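Read the structure below first, then the notes.
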Amino acid sequence: MIGKSASNIDSFNTQKREESVQEIATHIYTSMTLKYDYQPLFKRFDITKRVHLGRKYGNFLFLIYLCIKALYLLNLIFQLVLMNSFFGFSYHRYGLDFISNLLHGTDTAGIDRAFPRYTFCDFEIRNLGDNIHKHSVQCALPINLFNEKFFIGFWFWLIAMLLMTLVNFCFWFRLLFHVYRRNLIAKYLRTQRYPHLKSFKQFSMFVDEFCHLDGPFIFAIIRRNSCYLTTSQVVSELFSLYRRNFENLNKIKKQYDNNNNNNDDDLEADSGSNKISDSSQVKLKMNDENS
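Counted the way this note's numbering counts, the sequence shown spans residues 51 to 341.
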């Protein structure tokens, strides 16, 4: 929805453009502050505290998207491995052998391990009486000419898709690096009204504690659906909202951290009380048996 709204901004006039930018920035700001209200369904089995993954750590959207990209890569690699098993030879080198023979001017029939163009056919000719003559002659297989060209084209398609998916995966993988995220956000903010970000102490907290990974990921989605100017305006407006509500956000975050610590203490206390009650029941049983 954000990407679709951003793609329509470029065709608006100045007043409507500013309203749309404020609306998108407000929507992103509200969505990012909802992580402080997130409560796991099963607190006792919440593993996100150990691995720091999930909505409350601001990396849920990006990691889901990155996992989908990784599945695309695995799917293409699995298809190449499956074709190797299906044909019984190194299909992943099928196109390379074809290109090598083509560049050296040799006949490409040498690579047709699965699709021979010629074979020997046995047939019988009946003469007068019961005289049957068996003959073996060389036969052409025109259907394999089509199969050869089809699977060579399929190899080039798989390799092209694999390379494009790998490049796209590396493009998104850059967001995992803190330096890249910081420079990306700083680049957008310098375009607008913040030329000297080093003087803003809130900038580091905006990048590290507010945006996390999902923020730059959303900015990249907006950039792909609109122009650079629109993206910088949205980031600048979001940073302005963050600065205006900086103190309130800090209070909410501290309260959120305190609640999490209290919940952890309660869970540890409950587990400790359960252990004590179990040990006391064991002791009572032992006393009853002795008596």
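Ideal Cβ positions, reconstructed from N, Cα and C, are used throughout, including at glycine. Computed from a predicted structure; not experimentally measured.
Beta-carbon separation (whole angstroms), R273 vs T281, contact threshold 8 Å: 4 Å between Cβ atoms; contact.
Would F267 pass as a contact of Y115 if the rule is Cβ separation under 8 Å? Judged by beta-carbon spacing, Y115 lies within the 8 Å limit of F267, meaning their Cβ atoms are closer than that value.
F111 and D264 closer than 8 Å at C-beta: Residue identity differs from the one stated: residue 111 is Leu in this sequence, not Phe. Against a cut-off of 8 Å, the Cβ pair of D264 and L111 comes out as a contact.
Shortest alpha-carbon distance to A190 belongs to which of S290, F170, F200 and L123? Residue F170 is the option with its Cα nearest to A190.
Indicate whether the contact test is met: 3 or more Cβ pairs, each with one atom in the region 204-214 and one in the region 144-156, closer than 8 Å. Output reads yes: the region 144-156 touches the region 204-214.
Would you mind reading off the limits of the beta strand (DSSP E) that contains Q65? In the DSSP assignment, Q65 falls outside any beta strand (DSSP E) and lies within the alpha helix (DSSP H) extending over T64 to T83.
Between N197 and the rest of its own chain, which residues show a CB-CB distance below 7 Å, the 5 nearest in sequence each way excluded? Excluding residues up to 5 positions away in sequence, F165 lie with their Cβ nearer than 7 Å to the Cβ of N197 in the same chain.
R243 and S286 look like a contact to me (Cβ under 8 Å); what is the Cβ gap, rounded to whole Å? Indeed they touch by this definition, with Cβ atoms about 6 Å apart.
Please classify V217 as buried or exposed, where buried requires at least 16 neighbouring CB atoms within 10 angstroms. So V217 ends up on the exposed side.
Among V187, T64, L124 and K106, the one whose alpha carbon lies nearest that of H262: Closest in alpha carbon position to H262, among V187, T64, L124 and K106, is K106.
Between the C-alpha atoms of A75 and V257, what's the straight-line distance to the nearest angstrom? The C-alpha of A75 lies about 15 Å from the C-alpha of V257.
I'd like the span of the alpha helix (DSSP H) that includes E287, first residue to last. DSSP places E287 in the uninterrupted alpha helix (DSSP H) bounded by Y278 to R294.
Would you kindly work out how many angstroms separate the C-alpha atoms of Y230 and L132, rounded to a whole number? Rounded to the nearest angstrom, the two C-alpha atoms are 37 Å apart.
Pairwise C-alpha distance: L123 and I202: The alpha-carbon atoms of I202 and L123 are separated by roughly 20 Å.
If I follow the unbroken beta strand (DSSP E) through Q188, where does it start and stop? Q188 -> beta strand (DSSP E) spans I182 to A190.
Rounded to whole angstroms, what's the CA-CA distance from L130 to N177? Just pull it up for me. Going by the C-alpha atoms only, they are around 52 Å apart.
Can you name the start and end residues of the beta strand (DSSP E) that F170 belongs to? Annotation: the continuous beta strand (DSSP E) that includes F170 extends over Y168 to R176.
What's the C-alpha gap between S140 and S150? Between S140 and S150, the alpha-carbon positions lie close to 15 Å from each other.
L152 in three-state terms, based on DSSP: DSSP places L152 in helix when its eight states are reduced to three.
Where the alpha helix (DSSP H) containing R243 begins and where it ends: It is not in any alpha helix (DSSP H) - R243 carries neither H nor E in the DSSP assignment.
Please name the residue, chosen from L126, Q283 and I271, that lies closest to F204 on a Cα-to-Cα basis. Of the candidates L126, Q283 and I271, the one whose C-alpha sits nearest the C-alpha of F204 is L126.
Per-residue DSSP class, three states only, for S135: Residue state, collapsed to three classes: helix.
Nearest neighbour of N295, chosen from I271, T80, F137 and K66 [CA to CA]: Considering only alpha carbons, the answer is T80.
How close, in whole Å, do the beta carbons of M82 and F260 come, if the pair is a contact with beta carbons under 8 Å? Going by Cβ atoms, the distance from M82 to F260 rounds to 6 Å, so yes, they are a contact pair.
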